[in-house]
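A quick write-up on the structure given underneath.
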Amino acid sequence: MTQAALRVEHIGHVYDDHNGHVEALDDISFEIAPGEFVCIVGPSGSGKSTLLRILAGLIPPQDGRVWLDGQLVESPARSIGVVFQKANLMPWRTVRDNIALPLELAGVAGNEINRRADALLELVGLSGFAQSYPRGLSGGMEQRVAIARALIHQPSLLLLDEPFGALDALTRERMALELTRIWTAQNSRAAQNSSATQNNVAQKTTVVMVTHSIQEAVFLSDRVLVMTDRPGSIAREVRVNLPRPREYAVLQTETFADLAGQVRAAIVMTT
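Position one of the sequence shown corresponds to residue 1 (this note's numbering), numbered consecutively onward.
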């Protein structure tokens, strides 16, 4: 049996605001396999983003533990890449330099930085914009830069917090397609590198993404986890048995409609 890449054990979290103590999360447990793509959906205020930040090691949970590749997650690590709704690019740095920044801060050698940055520029389809600045990019292109920057450390876990929420509907659809392409290509490259180095364990990228879009969640993921209203807990898991690679024609199928209906019904039941 494949060991879980990510194991979440009985996570609970309470924070303070002007109303006093707010119970955000209650006894959340789940496991995610290496290379799996899982989306988390639920009502607004259900603690989805709080959960993602706990998975990233950005905030410690009051209760429970998170394990990544057998290691306890207690703080941010290079094995975890994070992309937020805003790309947060540095306007004075080029696309290439924004992508390369994490490696520069880590003191990686210049030729290795160049090699990895060039590979990611090609992976996200921005080789022709390497010397452009963020002000000249569309919203979708900015998010591709943010994804590339999150992948430059070759993380085993990529966390995405509503990364396309600020985009218009058409760009959002295109970015969902782009994300599946990038994730598939990244895992394919990891498998090839593993084979070339005689390594039996390929370093696949596992993805956990928070989204408010039911259609987006079903289209992207292998499983959808539905959270309850506050305090957030896992109400239901919906397995997405759609073949990959996926194109948007799948949205017109009966199977897709049934899966989206299951997710929608689960959300309604939690509110």
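In this text, a Cβ means the ideal position worked out from N, Cα and C, and glycines have one as well.
{"Check": "Roughly how many angstroms lie between the CA atoms of residue 204 and residue 185, to the nearest whole one?", "Outcome": "10 angstroms"}
{"Check": "From the DSSP output, which residues share a beta bridge with residue 12?", "Outcome": "63"}
{"Check": "How many whole angstroms separate the CB atoms of residue 8 and residue 28, which I take to be in contact at a CB cut-off of 8 angstroms?", "Outcome": "6 angstroms"}
{"Check": "Taking the Cβ atom as the reference point for each residue, do residue 64 and residue 12 lie within a distance shorter than 8 angstroms?", "Outcome": "yes"}
{"Check": "With DSSP collapsed to three states, give me the class of residue 197.", "Outcome": "Low local confidence applies: a pLDDT of 48 at residue 197 is under 50, so the model's placement there is unreliable, with the coordinate-based value given in what follows. Coil."}
{"Check": "Considering residue 81, what are the terminal residues of the alpha helix (DSSP H) in which it resides?", "Outcome": "Here residue 81 belongs to no alpha helix (DSSP H); instead the beta strand (DSSP E) covers 80-83."}
{"Check": "Looking at the structure shown, is residue 186 part of a helix, part of a strand, or coil, going by DSSP?", "Outcome": "helix"}
{"Check": "For the region 212-257, which segments carrying the beta strand (DSSP E) assignment without a break, of at least 3 residues, lie completely within its bounds, in sequence order?", "Outcome": "223-227 and 234-239"}
{"Check": "Would you report the Cα separation of residue 183 and residue 230, rounded to the nearest angstrom?", "Outcome": "31 angstroms"}
{"Check": "Measure the beta-carbon distance from residue 226 to residue 238 and round it to whole angstroms, keeping in mind my assumption that it falls under 8 angstroms.", "Outcome": "7 angstroms"}
{"Check": "I'd like to know if the region 113-127 and the region 145-154 are in contact, where contact means that at least 3 CB-CB pairs between them fall below 8 angstroms.", "Outcome": "yes"}
{"Check": "List the whole-angstrom C-beta distance separating residue 152 from residue 117, where the pair is believed to meet the contact cut-off of C-beta under 8 angstroms.", "Outcome": "7 angstroms"}
{"Check": "So residue 130 and residue 73 are supposed to be a Cβ contact under 8 angstroms. How far apart are they, rounded?", "Outcome": "Not confirmed; about 33 angstroms, so no contact."}
{"Check": "Out of 105, 97 and 128, state which residue places its alpha-carbon closest to the alpha-carbon of residue 114.", "Outcome": "97"}
{"Check": "Give the secondary structure of residue 108 by DSSP, where H, G and I count as helix, E and B as strand, and everything else as coil.", "Outcome": "coil"}
{"Check": "What residue range does the beta strand (DSSP E) around residue 40 cover?", "Outcome": "37-41"}
{"Check": "Rounding to the nearest angstrom, what Cα-Cα distance links residue 201 and residue 270 in this structure?", "Outcome": "Only weak support is given to the placement of residue 201: the predicted model assigns it a pLDDT of 45, under 50, and the question is left unresolved by the model."}
{"Check": "Could you please give the first and the last residue of the uninterrupted alpha helix (DSSP H) stretch that includes residue 151?", "Outcome": "139-151"}
{"Check": "Apart from the five residues on each side of it in sequence, which residues of its chain come closer than 7 angstroms, Cβ to Cβ, to residue 139?", "Outcome": "166, 167 and 171"}
{"Check": "For a quick check, are the C-beta atoms of residue 34 and residue 206 less than 8 angstroms apart?", "Outcome": "yes"}
{"Check": "Where does residue 50 sit, in a helix, a strand or coil, going by DSSP?", "Outcome": "helix"}
{"Check": "Between the Cα of residue 54 and the Cα atoms of 87, 21, 15 and 42, which residue gives the shortest distance?", "Outcome": "15"}
{"Check": "Have a look at residue 93 and residue 261 and give me their C-alpha separation to the nearest angstrom.", "Outcome": "44 angstroms"}
{"Check": "Give the DSSP bridge partners of residue 7, in chain order.", "Outcome": "31 and 67"}
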